[in-house]
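Peer 1: I'd like to ask you about the structure that follows.
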Amino acid sequence: MSDKALSVMEMPKSCDQCKIRAINLAWCNIARKSTSHYPSGKPMDERIRPDWCPLKPMPEKKECDLLSVGSKIRIWREGWNACIDKILEGESCTD
Numbered sequence: 001m002s003d004k005a006l007s008v009m010e011m012p013k014s015c016d017q018c019k020i021r022a023i024n025l026a027w028c029n030i031a032r033k034s035t036s037h038y039p040s041g042k043p044m045d046e047r048i049r050p051d052w053c054p055l056k057p058m059p060e061k062k063e064c065d066l067l068s069v070g071s072k073i074r075i076w077r078e079g080w081n082a083c084i085d086k087i088l089e090g091e092s093c094t095d
C-alpha cells in the first residue's frame with residue numbers, strides 16, 4: 001500500500017486562490033514554502049501558480065483513438081476512464 005494521498009479540488013490559478021495556503025502567513029502548508037517570497041528573498045507574484053506548487057492537475061480521460069481499435073488498448077482506455085470517474089466520485093479505483 002502506498003503512503004500517498006489524493007484529494008480532489010478545483011485547481012487554483014495562483015497561490016492567493018489556494019484553499020490550502022495559510023493566508024495569514026503567506027505560506028504553502030504542503031510545500032512548506034513562502035508564497036510571498038522566493039528563497040532568494042525576491043518578492044513572488046501570488047497571482048500565478050509557482051512551478052514548485054505540489055498540486056498536480058487531474059489526468060484527462062482518454063478519447064477513443066480510431067487507429068487503436070485493438071481490444072487491449074480499448075480495455076486499457078476504458079479502465080483508465082473508469083478510474084478517473086471513481087476518483088471524481090470519491091471512490092477507490094481498486095473497489
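Start counting the sequence shown at 1; every next residue gets the next number (my numbering). Idealized CB from N, CA, C, for every residue including glycine. From a predicted model like this one, the values you see are computed outputs, not experimental measurements.
From the beta carbon of residue 12, is the nearest beta carbon of chain D less than 8 Å away?
Peer 2: The structure shown contains no chain D; it is built from a single protein chain.
Peer 1: Taking a contact to mean a Cβ-Cβ separation below 8 Å, would you say residue 57 touches residue 31 in this structure?
Peer 2: Cβ distance not < 8 Å, so residue 57 and residue 31 don't count as in contact.
Peer 1: Express the C-alpha separation of residue 15 and residue 47 in angstroms, rounding to a whole number.
Peer 2: Rounded to the nearest angstrom, the two C-alpha atoms are 7 Å apart.
Peer 1: Near residue 17, which residues of its chain fall below 7 Å by C-beta distance, leaving aside the five closest residues on each side in sequence?
Peer 2: Here the set comprises nothing.
Peer 1: Just checking my contact of residue 36 with residue 22 at CB under 8 Å: how many whole Å lie between their CB atoms?
Peer 2: Contact flag wrong, Cβ pair sits at about 11 Å.
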